[in-house]
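End of the sequence shown sits at 465 in our numbering; the numbers just go up one at a time, nothing left out.
Glycine included, every Cβ here is placed at the ideal spot set by N, Cα and C.
Heads up: the structure comes next, in structure tokens.
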Amino acid sequence: MTKFQGAKTGTKAVWAGEKDYLVHGATQVPVIPSVAFGYDDMEEWYEVAIGNKKGHIYGRNTNPTVQAFEDKVKILESANAATSFSTGMAAVSNTLYTFLKPGDRVVTIKDTYGGTNKIFTEFLPRQEVEITFCETGNLKQIEAEVAKGCQILYLETPTNPTVKITDIQAAAKAGKEVGALVVVDNTFATPVNQNPLDLGADLVIHSATKFLGGHADALGGVVVGNNEQLVEAIYHYREINGATMDPWAAYLLLRGMKTLDLRVKRQAENAQKLAEYLQTVDGVESVFYPGLPTHPNHDVAKAQMRGFGGMLSFAVAGGVETVRDLLPKLQFANRAANLGAVETTVGPARTTSHVECTPEERAAMGIPEGLIRVSCGIEDAEDILADFKQAFSAVELAKA
Ligand SMILES: *Cc1c(COP(=O)(O)O)cnc(C)c1O
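This is the structure in structure tokens:
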């Protein structure tokens, strides 16, 4: 771990978390699909089983390939501890359920990821946990609600799909003052652009399915933190409840992460160019991207992020009809629900992130029916822009 102190993200992405797991002179971490790990020495088996000695017992608990994945993310986020999950939602739910009990209160924001929002609206209230939702960019409201007392302050920034920004440092400070655990979903920003632990967060969550893996071919989730006891408690909940990462997924995610820094920087460059272009298009009513000076929290984003990320969204005049005509015309884009992949991926918010809401609920959240989410890929920016240009010229856009 100390070996990587001072190393930059690109170097960590390539080298971190690999060396301890190499065998037979191989330069790449092996996939070890073994469900169990055997011992001839009964004393050694016992010592490993009770945690006195390093080693593996059973695949639901730990696995070497999965641990290499955890080590890489841990080092990328400059954390002391990490534990992993079968999906990003398992990371979110296991973290919340590890710490919450009836009578507790969570303060969060209105724009969390759809699945996370469902945990807050559908499942936690059943356990008599009170959830308070704040406007995502409204720091004053977050501070005021946190000051009333809460066990967890749960943030996500930037958010889906209108890339709203919360001031992590200020919100985390408010959380600390009331002894709350501060949890930040860092999926959209990635460790390349933002390290919430350095801004005062206790725990950082990633859906590894997205930018970390980067190739839309493996599901996974991870939680990292500086307090080893907190992460150990989440690990314990997960080892018993069973949402374990598969070693094959861990291998794909490890391989994907080697190019994380390259990919994310290219995606942010492409997103900035596409956002600036979209602002000039007749019939595009609004463009949401933290890298635009017109973004309401551009200054906060600039202060807490090293890059603005690959995610943006824009609203077209003519709503659903225009979206239906426009999206199939794109040549270099998958029309799909995922994000963070090397391919540009587009989708209407009403079909992807906010499919569970009614049009009225979406409107109340500031999500127009004509909103299109774009996850920029690593293609050449010229080709992405040309593709959007030809798509726009092929459809009748009601003038904004
Ligand atoms: C996708 C996503 C999740 C959930 O991750 P899965 O791997 O799909 O379970 C959580 N948070 C954010 C911000 C996401 O984009």
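Looking only at 233, 216, 110, the smallest Cα-Cα distance to residue 366 is reached by 233.
Residue 173 sits in a strand when the DSSP states are folded into three classes. Within the DSSP secondary-structure output, residue 452 pairs in no beta bridge. Each of 160, 84, 383, 143 was checked against the Cα of residue 304, and the nearest Cα belongs to 160. In its chain, beyond the 5 residues on either side, 74, 77, 78, 81, 256 have a beta carbon closer than 7 Å to the beta carbon of residue 141.
The alpha-carbon of residue 328 is positioned some 42 Å away from that of residue 112. If you look at residue 218, you'll find it in the beta strand (DSSP E) that goes 217-221.
Contact annotation: residue 379 and residue 356 have beta-carbon atoms that are not nearer than 8 Å.
Residue environment for residue 272: buried (at least 16 other C-beta atoms within 10 angstroms of its C-beta). Within the chosen limit of 7 Å, ligand 1 reaches the beta carbon of residue 284 through at least one heavy atom. For residue 110 and residue 103, the gap between their C-alpha atoms comes out near 8 Å. With 16 or more other Cβ atoms from the protein chains shown falling within 10 Å of its own Cβ, residue 149 counts as buried. At a cut-off of 7 Å, the beta-carbon of residue 335 does not count as near ligand 1: no heavy atom of the ligand is closer than that.
Contact between residue 409 and residue 397 is confirmed by a C-beta separation of about 6 Å, below the 8 Å threshold. In this structure, residue 442 lies away from residue 420, with their beta-carbon atoms at least 8 Å apart.
Within 10 angstroms of the beta-carbon of residue 117 lie fewer than 16 other beta-carbons, which makes it exposed.
For residue 123, the pairing in a beta bridge is given by DSSP as 101.
Contact annotation: residue 86 and residue 96 have beta-carbon atoms that are not nearer than 8 Å. Taking the Cβ of residue 178 as the reference point, at least one heavy atom of ligand 1 falls within a distance shorter than 7 Å. For a cut-off of 8 Å, the C-beta gap from residue 371 to residue 258 is around 5 Å, short enough to register as a contact.
Per DSSP, reduced to three states, the secondary structure at residue 350 is strand. Note on geometry: alpha-carbon atoms of residue 156 and residue 126 lie some 15 Å from one another. Relative to ligand 1, residue 221 has its C-beta within less than 7 Å of a heavy atom. Residue pairing from DSSP leaves residue 301 without any beta-bridge partner.
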